[in-house]
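These notes concern the structure reproduced below.
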Amino acid sequence: MKIAVILGTNCDNRLSEQLAQGVAEEAGGMEGTNVDLIDLKEYSLSIFDDAASSCPYQSKHATRTAQEWLDKIEKADAYVFVTPDIDHTIPSVLKNAFDYVTREMDEKPAAIVSYGGVGGSKAVARMKDAIGELRAVPIPAHVAISDVDDTVNDSESLATQIIEHELDQHAAMKRMLRELRRYRDVLTATGAYA
0 MKIAVILGTN CDNRLSEQLA QGVAEEAGGM EGTNVDLIDL KEYSLSIFDD AASSCPYQSK
60 HATRTAQEWL DKIEKADAYV FVTPDIDHTI PSVLKNAFDY VTREMDEKPA AIVSYGGVGG
120 SKAVARMKDA IGELRAVPIP AHVAISDVDD TVNDSESLAT QIIEHELDQH AAMKRMLREL
180 RRYRDVLTAT GAYA
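If you're matching positions, the sequence shown starts at 0 in numbering that gives the first Met the number 0 and goes up one per residue.
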């Protein structure tokens, strides 16, 4: 299974980078799993102009950068989005990246790791709506980290920090990744996607 772990923000001094690396390490430890860490900061996607496409299922992407983003998304079997809660929603760079997606995520499972106020719960709600609109399958399990500033530091890996400081969150991450695999297996077995 190929999991795309996507950093949902391009802000400077972002914590999502270390969180995403921790998720990628944990996912990479699962048997038969390859992980692709995708950083939206590496894709200078222009603000999506929906007037460029008259049909929602035709290609909406004209730039090479947008096509590279979509190719990465399409190659994945499942997704984990790592996102902060910014003003009770998802970061604009992530929403803009979603606007380019047409059928690349169809019927593939997606999970969320969020952080911020109340663990980023408002962002999770908005993400699940957005993921569903992309015809992907948001799984119920997610990881919400409230005190990320107190938990994450640069001297240790995220997995080590979560194990030492937040056993419940480490267990939640493992549960989320197992559930992501189960959803992918069921969707594959039912022929939902090739």
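The beta-carbon is built from N, C-alpha and C at its ideal position, and this holds for glycine as well.
Given the structure is predicted, the values throughout are model-derived calculations rather than measurements.
Here's the rule: buried if 16 or more other CB atoms are within 10 angstroms of the residue's CB, otherwise exposed. What is residue i?
| i | result |
| --- | --- |
| residue 131 | exposed |
| residue 170 | exposed |
| residue 184 | exposed |
| residue 195 | The chain is shown only over 0 to 193; residue 195 falls outside these bounds and no answer can be derived. |
| residue 46 | exposed |
| residue 100 | buried |
| residue 117 | exposed |
| residue 15 | buried |
| residue 11 | exposed |
| residue 9 | buried |
| residue 125 | buried |
Express the C-alpha separation of residue j and residue i in angstroms, rounding to a whole number.
| i | j | result |
| --- | --- | --- |
| residue 83 | residue 187 | 30 Å |
| residue 162 | residue 105 | Caution applies to residue 162, whose pLDDT of 47 falls short of 50 and renders its modelled position unreliable; the value that the coordinates give is listed next. Distance between the alpha carbons of residue 162 and residue 105: 34 Å. |
| residue 79 | residue 48 | 26 Å |
| residue 63 | residue 38 | 16 Å |
| residue 23 | residue 133 | 23 Å |
| residue 18 | residue 25 | 11 Å |
| residue 74 | residue 113 | 24 Å |
| residue 269 | residue 86 | This structure leaves residue 269 out entirely; the chain is present only between 0 and 193. |
| residue 29 | residue 174 | 12 Å |
| residue 35 | residue 119 | 23 Å |
| residue 168 | residue 191 | 31 Å |
| residue 77 | residue 93 | 17 Å |
| residue 145 | residue 181 | 27 Å |
| residue 33 | residue 70 | 16 Å |
| residue 138 | residue 67 | 26 Å |
Relative to the C-alpha of residue i, which candidate in the options has its C-alpha closest?
| i | options | result |
| --- | --- | --- |
| residue 97 | 65, 116, 86 | 65 |
| residue 189 | 107, 127, 85 | 107 |
| residue 176 | 91, 31, 117, 114 | 31 |
| residue 140 | 124, 111, 128 | 111 |
| residue 89 | 72, 172, 121 | 121 |
| residue 2 | 137, 8, 142, 27 | 27 |
| residue 95 | 33, 21, 123, 43 | 43 |
| residue 13 | 81, 70, 67, 0 | 81 |
| residue 136 | 21, 0, 127 | 127 |
| residue 102 | 109, 67, 72 | 72 |
Can you name the start and end residues of the beta strand (DSSP E) that residue i belongs to?
| i | result |
| --- | --- |
| residue 74 | From DSSP, residue 74 is part of no beta strand (DSSP E) but of the alpha helix (DSSP H) over 63 to 74. |
| residue 128 | Counting along the chain, residue 128 falls outside any beta strand (DSSP E), though it belongs to the alpha helix (DSSP H) covering 120 to 132. |
| residue 142 | 136 to 144 |
| residue 37 | 33 to 38 |
| residue 88 | Taken as a continuous stretch (DSSP letters only), residue 88 belongs to no beta strand (DSSP E), as it is neither H nor E. |
| residue 113 | 108 to 114 |
| residue 3 | 1 to 6 |
Kindly indicate the opening and closing residues of the alpha helix (DSSP H) around residue i.
| i | result |
| --- | --- |
| residue 18 | 15 to 27 |
| residue 195 | Any question about residue 195 goes unanswered here, given that the chain covers just 0 to 193. |
Quick one: is the Cβ of residue i within less than 7 Å of any heavy atom of the ligand GTP?
| i | result |
| --- | --- |
| residue 130 | Summarising the ligand content, the structure contains no ligands, and the ligand GTP is consequently not present. |
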